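In the order they appear, the protein sequences are chains W and E. Once you know that position 174 of the first sequence is 180 in the working numbering, the rest is easy, because the numbers rise by one and skip nothing. Once you know that position 15 of the second sequence is 21 in the working numbering, the rest is easy, because the numbers rise by one and skip nothing. Quick reminder that beta carbons are idealized off the backbone N, C-alpha and C, glycines included. Computed from a prediction, not measured in an experiment: that's the story for all the values here. In what follows, a single structure is set out as structure tokens and then discussed.
2 protein chains.
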Amino acid sequence: MVTDLTPEPAQPLTTKGQATRERIVRAAAELMFRDGVAGTSTPAIRDAAGVSSSQIYHYFADKEALTRAVIAHQTQAIVDTQSELLGRLDSLTALRAWRDVVVQAERDLHCVGGCPLGSLSSELAEHDPSARLALADSFSRWSGAIRDGLQRMIDRGVLRADADPHKLSLAMLAALQGGLLLAQAQRNSAALEAALDAMIERIEQHAVAPGG
Amino acid sequence: MVTDLTPEPAQPLTTKGQATRERIVRAAAELMFRDGVAGTSTPAIRDAAGVSSSQIYHYFADKEALTRAVIAHQTQAIVDTQSELLGRLDSLTALRAWRDVVVQAERDLHCVGGCPLGSLSSELAEHDPSARLALADSFSRWSGAIRDGLQRMIDRGVLRADADPHKLSLAMLAALQGGLLLAQAQRNSAALEAALDAMIERIEQHAVAPGG
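Here it is in structure tokens:
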């Protein structure tokens, strides 16, 4: 789960070049999270990254290319972190602990900003086909990580084999995305908590030993 | 549940004025659904509505005012329609029929566009505080309609009194919003269906007579 979705640059980058490129992507990701893709200008990225405009154009042919690099960056930051947590799921207690980490992270942000990947998807899906495909892939990797965690719980005998990890993982990711969207609008985590709790309770229906 | 959230105009409008105002709002809503708020210009609204720019400025002080009218319009179109369906819930069969209507509507749109209210929220929540408040209110009315439907099922003896209609309604709306967001990214309704099904199965845990 550490596939780098970033398109390969035309030429291999030097270590310094790689660092500059990463600084640009990181600055763009922060600005796009705050202001949206449409609201993020090249001069703003230039100033935030402390580089020149020509350096940005050196690494990225256009804004679409930079946006795809931001999607790859956010996917690594979010999905890979989540995958690590989800890969260790071995009990319903661990699943509830994952839920608490997600809710606490949202509370730490005061429910501002929503999910970076969800927001990018909502903004770009109808206007940037390659961004939509990249985001669809990110979401598939994310639900795949949840599915793997649930499968691990089946393999370990925590959940019965009649659980459908694929369908439950899609449902859980939807609950998470919708919960984050509502948290952003309502500036509280009630819907996020309710959605994750309902999904965990649904999964608990498949528990071999209730409460485990 | 038919409260008009549209701010009252300074002077009462004539029938003709009301019709012109509605034509502007309808055109703006369609454009904003397709291109986002930032991607929708006054000239585009003017052309789509077949009015002059001065007519738009006559009815709306600025783009924020027009955006709030669009939020009110979409809230009426979506939440009031949903409320009518949800107000008639009297069985788990009816709940599943509501789920089928939602999924079919998304399929009819080929999973394009996402939820108009969800998309507006994702775009505006951090940059237009009054829009965020209006959208938070719209979401509360929507989850309130779901809650009322579930409460009706408790009152009719379909669900046991230990069901928590408020928490379940927040979870259901989150499942719906996240399902629509993922459907838009992935251009299929699998996550939407999985999320709604999981929530209905969760609610069925409170059923007095399983399967009813």
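Here G120/E has L186, L187, Q190 as same chain residues with Cβ atoms under 7 Å from its own Cβ, once five neighbours each way along the sequence are excluded. The alpha helix (DSSP H) runs of length 4 or more contained entirely in the stretch 19-98 of chain W are, from start to end of the chain, 21-41, 48-55, 59-65, 69-81, 87-93. Check the Cα spacing between W148/E and each of Q183/E, H116/E, I30/E, V164/E: the tightest is with Q183/E.
Going by DSSP, H172/W is part of the alpha helix (DSSP H) stretching over 171-192. A check of alpha carbon separations from R105/W across L92/W, I30/W, A50/W identifies L92/W as the nearest. Among the residues of the stretch 16-43 of chain E, those with a Cβ less than 8 Å away from any Cβ of chain W are R40, D41, G42, in the order of the chain.
When the beta-carbon positions are compared, R74/W and A167/W stay at least 9 Å from each other. For E112/E, no Cβ of chain W is located within less than 9 Å of the residue's own Cβ.
In the three-state reduction of the DSSP assignment, A213/E falls in the strand class, which pools E and B.
Rounded to the nearest whole angstrom, the CA to CA distance from K173/W to R208/W is 12 Å.
Looking at the backbone, the Cα of S195/E and that of P122/E are separated by about 16 Å. For L139/E, the three-state secondary structure derived from DSSP is helix. With a threshold of 16 other beta carbon atoms within 10 Å, V76/E meets it and is buried. Of the residues C117/W, L95/W, A197/W, A111/W, the one whose Cα lies closest to the Cα of R153/W is L95/W. Taking a C-beta distance under 9 Å as the contact criterion, Q80/E and L126/E qualify as a contact pair. In this structure, R102/E keeps its C-beta atom at 9 Å or more from the C-beta atom of I30/E.
L19/E sits away from R32/E, with the two beta carbons spaced by 9 Å or more. Contact between L202/W and V108/W holds: their C-beta atoms lie close to 7 Å from each other, under 8 Å. If you check the CB distance, A204/E and A181/W come in under 9 Å.
For the stretch 127-154 of chain W, the residues whose beta carbon sits under 7 Å from a beta carbon of chain E are, in order, S127, S128, E129, A131, E132, R138, L141, A142, F145. Counting along the chain, the unbroken alpha helix (DSSP H) around G124/E starts and ends at 122-130. In the three-state reduction of the DSSP assignment, L115/W falls in the coil class, being assigned neither a helical nor a strand state.
Using a CB distance below 8 Å, no part of the stretch 90-108 of chain W faces chain E. Among the CB atoms of chain E, none fall inside 9 Å of the CB of L156/W. The beta-bridge partner set that DSSP reports for L165/W consists of A213/W.
Note on P135/E: under 16 other CB atoms within 10 angstroms of its CB, so exposed under the neighbour-count rule. In the displayed model, S195/E falls within coil according to three-state DSSP, outside both helix and strand.
Per DSSP, reduced to three states, the secondary structure at D134/W is coil, with no helix or strand assignment.
Non-local C-beta neighbours of D41/W in its own chain, meaning closer than 7 Å and more than five positions away in sequence, are absent.
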